[in-house]
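Enquirer: Quick note on the working numbering: the first sequence kicks off at 660 and runs consecutively.
A virtual CB, placed ideally from N, CA and C, is assigned to each residue, including glycine.
Only a predicted model underlies this, so the values are computations on that prediction, with no experimental measurement involved.
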Amino acid sequence: MEQLDELELLMEKSFWEEAELPAELFQKKAVASFPRTVLSRGMDNRYLVLAVSTVQNKEGNCEKHLVITASQSLENKELCILRNDWCSVPVEPGDIIHLEGDCTSDTWIIDKDFGYLILYPDILISGTSIASSIRCMRRAVLSETFRSSDPATRQMLIGTVLHEVFQKAINNSFAPEKLQELAFQTIQEIRHLKEMYRLNLSQDEIKQEVEDYLPSFCKWAGDFMHKNASTDFPQMQLSLPSDSSKDNSTCNIEVVKSMDIEESIWSPRFGLKGKIDVTVGVKIHRGCKTKYKIMPLELKTGKESNSIEHRSQVVLYTLLSQERRADPEAGLLLYLKTGQMYPVPANHLDKRELLKLRNQMAFSLFHRISKSATRQKTQLASLPQIIEEEKTCKYCSQMGNCALYSRAVEQQMDGSSVPIVMLPKIEEETQHLKQTHLEYFSLWCLMLTLESQSKDNKKNHQNIWLMPASEMEKSGSCIGHLIRTEHVKTICDGQYLHNFQRKHGAIPVTNLLAGDRVIVSGEERSLFALSRGYVKEINTTTVTCLLDRNLSVLPESILFRLDQEEKSCDIETPLGNLSKLMENTFVSKKLRDLIIDFREPQFTSYLSSVLPHDAKDTVACILKGLNKPQRQAMKKVLLSKDYTLVVGMPGTGKTTTICTLVRILYACGFSVLLTSYTHSAVDNILLKLAKFKIGFLRLGQTQKVHPAIQQFTEQEICRSKSIKSLALLEELYNSQVPAPEQVEKGGVSNITEAKVIVFLTSIFIKAGCSPSDIGIIAPYRQQLKIINDLLAHSSIGMVEVNTVDKYQGRDKSIVLVSFVRSNKDGTVGELLKDWRRLNVAITRAKHKLILLGCVPSLNCYPPLEKLLNHLNSEKLIIDLPSREHGNLCHILGDFQRE
DNA sequence: GCTCTGCCGAGAGGA
């Protein structure tokens, strides 16, 4: 906060004076807002704005002068002059910008005819968002904020299906029978059937409507593909920006072939992203001259509007295309209802205006929080102004959020201004809400926005395009220099299994684990973010990934890099829920009552009024599998008219309770809707339910917990007696042998512990345990990595190795825990202090639990100290004598050579 | 201080 005040003072000083001021200050702001942004010149230039001043030039016109730097030391300053309308770009000192154009003697000039300025270029905004901002910037920003408030319609479903049919046809054939077949096949796909079900539409209805389009598909193919002579193609009007003005704009356009479908491109040059329906190779015949271009082809199934929005989308795609190949200079807009196709030239003027809209939008998205003028209070910022166009507002899907934000947030600020004509509309849209509801909305919007902006969540996607793989590898979240090996296996549409190997040697030390999300890029600048997916398997030689695109179409020589996709905090779901909670519907009203106004939840008195009489025996039978608190929770839930909160520590059997509930409801003939904030929670429930269907008998087996652990968890952690997951603790090895931890950039590890863990695992397997019954847990990724590597070099099969948290809600027969930490200076990591995590770790084992760690070090952690004291009193701690360690190393040596 | 949790997601049409 202090830094910002200093900055504000700075901004009031004059231009040249400012430029002389301490560089650290700017560095501070830049670091706070744009962590680890790499400043650089060249194609991907990133400049830090040091100062902004508005000046009048000789002609009396306004110019903005920016003092900028691309050097991390902030020493080498350059000047950027913004002329004409570029003056209005809302750029401030401390901002990061990208410049397109020419720089002569350290001066950039961006004017109406030449050059672009991209504000916050690492915020990538989609083509459709920008196109929709033409009519209403506020709507575009609201749509980015409250995403889910736009339920899909019949027309959208038809649109999606027709897109797919066309995309399949262009790689196959436009023959009528083939089109028919492709259409039928597409309609049958499960995701479309689901959507039809949701919209209450029959398959026949959709089929009919889709088939109505097919003749136009044929017509288009007949017009634009496969002809004998170039003049057989329809005449069109198209001048490319590079054509000389003398050239006739009349030409024939021939679509030669489809190069890609649904190509997804991120453009950190223009701050854009998007998916191109079809990328086509096109011949433009003009007189005797022919130009070949690879262009975006945008499909539309709705009205043939040739609207500015549609055309703008195409223009933006020409900018995206430049990330991968030569400037197409134009794109194509095809209306599938009629087969009519319009060429869309990408003129400088259009691109300039669209990029200016992008900048405005980026500004709004970046500045979501402001300070109140009077009291410097942190508050939500105003959104772009409400427009005064009843027609546009009438059908706007963001109307509710627009009015709500205006009333709950903007109208509470000093000096807010709302167009007077819109006030009645805003009042009408929000009249169902009480003051408490408006305040709730405003508060949670602010909290969620602040959370998304917190330091933790400033993820740096941009490192993929700003940092070479070799540099990124040092952080452990990237692997470069990979080549694709073996065939790509198609699992289904949109899931392709790829194998990668390092071109030379083994895969370097990395944090990447199975299950991590990754972004696959080519190491070349033009090939980044080719595909996304997750790691399926990783060992010292090979990474197997499940990706959303098939990369076998690319040349085999391409060098790839995998970057771990850092989770960006998802506030979209809660914001969407928040918006839904404010809707004028019966359900939302009830929820507002309960959640905001704290109406007590109601319960009926008798189970007999809830459960059908004839289900009594079945229910009784199902309930047998639960302990007392679980049954009590179950009863409460069944009697609930509103909601019931079931609260419990990890391992206390919440999921089991829910599963049993589902089974009861199912047995009584109710339909059940499972929803969850997390996917994994629902997955766990489904997994357990599936188990019930298969064997079942598991329910009857009461698992016994070792009394020592039971006592401990009950006393220190749970207080509840409903521990389900039951571990039999056998031994705790106290490693009296030298087993120091290693702290490096990739994390904390302990090679000795890793070796012992692997050795013990091998013993269990030799004793007849199935590798799938064994789980290895360590709190640090680096340790998992080392254990994985040792396992990979052994003859041990697939033993699951993962972090504590990944075991949440699951059991293994045997669990080995490596605590890793071992040092003399008593360095305490935050990680092990978390007793909830400890609880998860020690309650995952059904039959045998082995904890491996350095007792003196672990005693530094209060929760562990309690556990160790407890185990000590039960004589469950076993020292590992140094003589044994020597033997162990021998054995391990042998074992590794095996 | 090195863990994890919320994640497919840009665009499907309408005026």
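(1) Any chance the region 958-967 sits against the region 1143-1162, with 3 or more Cβ pairs inside 8 Å?
(2) Sorted by chain position, which residues of the same chain lie with C-beta nearer than 8 Å to Gly1552's C-beta, five sequence neighbours on each side aside?
(3) Would you kindly check if the distance between the Cβ of Leu1042 and the Cβ of Ile1028 is under 8 Å?
(4) So Ser1431 packs on Met1457, CB below 8 Å; how close in whole Å?
(5) Tell me which residue opens and which closes the beta strand (DSSP E) that Cys1519 is part of.
(6) Can you tell me whether Met1131 is buried or exposed, with buried defined as 16 or more other CB within 10 angstroms of its CB?
(7) Using a Cβ-Cβ cut-off of 8 Å (strictly less than) and excluding sequence neighbours within five positions of Ser747, which residues of its own chain qualify?
(8) Give the range of the alpha helix (DSSP H) segment to which Gly881 is assigned.
(9) Quick one: what's got a C-beta closer than 7 Å to Arg1220's C-beta in the same chain, skipping five residues either side?
(10) Can you give the Cα-Cα distance for Ala1413 and Arg1480, rounded to whole angstroms?
(11) Thinking C-beta only, is Ile789 closer than 8 Å to Ile967?
(12) Three-state secondary structure (DSSP) at Glu1048?
(13) Under the rule that 16 or more other beta-carbon atoms within 10 Å means buried, what is Met702, buried or exposed?
(14) Please give me, in chain order, every unbroken run of the beta strand (DSSP E) with length at least 3 that falls completely inside the region 900-931.
(15) CA-CA distance, Ile829 and Ser917?
(16) Do you know offhand how far Lys1287's Cα is from Thr1303's?
(17) Closest to Met954 by CA distance: which of Pro1260, Val974, Thr1263 is it?
(18) In the DSSP assignment, what residue or residues form a beta bridge with Ile1435?
(19) Using 8 Å as the threshold, is the C-beta distance between Ala1173 and Val1147 below it?
(20) Determine the DSSP secondary structure at Val1179, reduced to helix, strand or coil.
(21) Whole beta strand (DSSP E) runs in the region 979-1023 with 3 or more residues, listed along the chain?
(22) Residues in the same chain with beta-carbon distance under 6 Å from Pro1260, minus the five sequence neighbours each way, listed in chain order, please.
(23) Considering Gly1406, what are the terminal residues of the beta strand (DSSP E) in which it resides?
(24) Alpha carbon to alpha carbon, how far is Trp745 from Lys771?
(25) Which residue's Cα is closest to the Cα of Ile782: Cys1327, Phe773, Glu803, Thr763?
(26) Rank Ala989, Lys934, Arg928, Thr909 by C-alpha distance to the C-alpha of Gly940 and give the top, closest one.
(27) The beta strand (DSSP E) with Trp745 in it runs from where to where?
(28) Only counting the same chain, and skipping five residues up and downstream in sequence, which positions put a Cβ closer than 7 Å to that of Val800?
(29) So, for Thr845: in the same chain, excluding its five sequence neighbours on each side, which residues have a beta-carbon less than 6 Å away from its beta-carbon?
(30) In chain order, what residues of the same chain have a beta carbon less than 8 Å from the beta carbon of Leu1297, not counting five sequence neighbours either side?
(31) Please state whether DSSP places Pro1430 in a helix, a strand or coil.
(32) According to DSSP, simplified to helix, strand and coil, what is Leu680?
(33) Start and end of the alpha helix (DSSP H) containing Leu961?
(34) So Leu1240 and Leu1250 are in contact, right, with Cβ under 8 Å, and what is the actual spacing, rounded?
(35) Residues bridged to Cys739 by DSSP?
(36) Give the secondary structure of Ala834 by DSSP, where H, G and I count as helix, E and B as strand, and everything else as coil.
Expert: On the basis of the supplied data:
(1) No, they do not touch.
(2) Unreliable placement is indicated for Gly1552, whose pLDDT of 49 sits below 50; the coordinate value is still reported in the next sentence. Within its own chain, no residue has a Cβ closer than 8 Å to the Cβ of Gly1552 once the five positions on either side in sequence are excluded.
(3) With contacts defined by Cβ atoms closer than 8 Å, Ile1028 and Leu1042 do not form a contacting pair.
(4) Indeed they touch by this definition, with Cβ atoms about 7 Å apart.
(5) No beta strand (DSSP E) contains Cys1519, which DSSP labels as neither H nor E.
(6) Residue environment: Met1131 is assigned as buried (16 or more neighbouring CB atoms within 10 Å of its CB, all protein chains considered).
(7) Result list for Ser747: Lys1015, in chain order.
(8) Counted as a single uninterrupted DSSP element, the alpha helix (DSSP H) harbouring Gly881 occupies residues 873-883.
(9) Leaving aside the five residues that flank Arg1220 on each side, the residues in its chain whose CB is nearer than 7 Å to its CB run, in chain order, Ala1128, Cys1137, Ile1138, Gly1139, Leu1141, Ser1180, Glu1182.
(10) Near 12 Å, if we compare the C-alpha coordinates of Arg1480 and Ala1413.
(11) The criterion of a C-beta distance shorter than 8 Å is not satisfied by Ile967 and Ile789.
(12) Note: Glu1048 maps to coil in three-state DSSP.
(13) Around the beta carbon of Met702, fewer than 16 other beta carbons lie within 10 angstroms, which makes this residue exposed.
(14) Counting only runs of 3 or more, we get 909-926.
(15) The alpha-carbon separation between Ile829 and Ser917 amounts to approximately 7 Å.
(16) Looking at the two C-alpha atoms, the distance is approximately 17 Å.
(17) Sorting Pro1260, Val974, Thr1263 by C-alpha distance to the C-alpha of Met954 places Val974 at the top.
(18) Per DSSP, Val1460, Leu1475.
(19) No.
(20) Here Val1179 sits in strand by DSSP.
(21) Segments of the beta strand (DSSP E) lying fully in the region 979-1023: 989-994, 999-1004.
(22) The beta carbon of Pro1260 is closer than 6 Å to those of Asp1301, Tyr1302 in its chain, skipping five residues each way along the sequence.
(23) For Gly1406, the enclosing beta strand (DSSP E) covers residues 1406-1408.
(24) Computed Cα separation, rounded: 8 Å.
(25) Comparing Cα-Cα distances from Ile782 to each of Cys1327, Phe773, Glu803, Thr763, the minimum goes to Glu803.
(26) Across the set Ala989, Lys934, Arg928, Thr909, the C-alpha of Ala989 shows the shortest separation from the C-alpha of Gly940.
(27) Segment: none, Trp745 is in no beta strand (DSSP E) and carries neither H nor E.
(28) The answer, listed in chain order, is Met1020, Ser1023, Leu1024, Leu1042, Pro1043.
(29) If we look at Thr845 and ignore the five residues flanking it on each side, its Cβ neighbours are Val820, Glu823, Val824.
(30) Closer than 8 Å at the Cβ level, and outside the excluded window around Leu1297, lie Leu1266, Val1269, Leu1270, Leu1320, Ile1323.
(31) In this structure, Pro1430 counts as helix in the three-state DSSP scheme.
(32) For Leu680, the pLDDT reaches just 47, beneath the cut-off of 50, and the residue's location in the model is therefore unreliable, although a value from the coordinates is still provided. Note: Leu680 maps to coil in three-state DSSP.
(33) Checking the sequence shown, residue 961 turns out to be Gly, not Leu. Looking at the DSSP string, Gly961 is not in any alpha helix (DSSP H), and its letter there is neither H nor E.
(34) 6 Å between Cβ atoms; contact.
(35) DSSP links Cys739 through a beta bridge to Leu725, Trp767.
(36) In this structure, Ala834 counts as coil in the three-state DSSP scheme.
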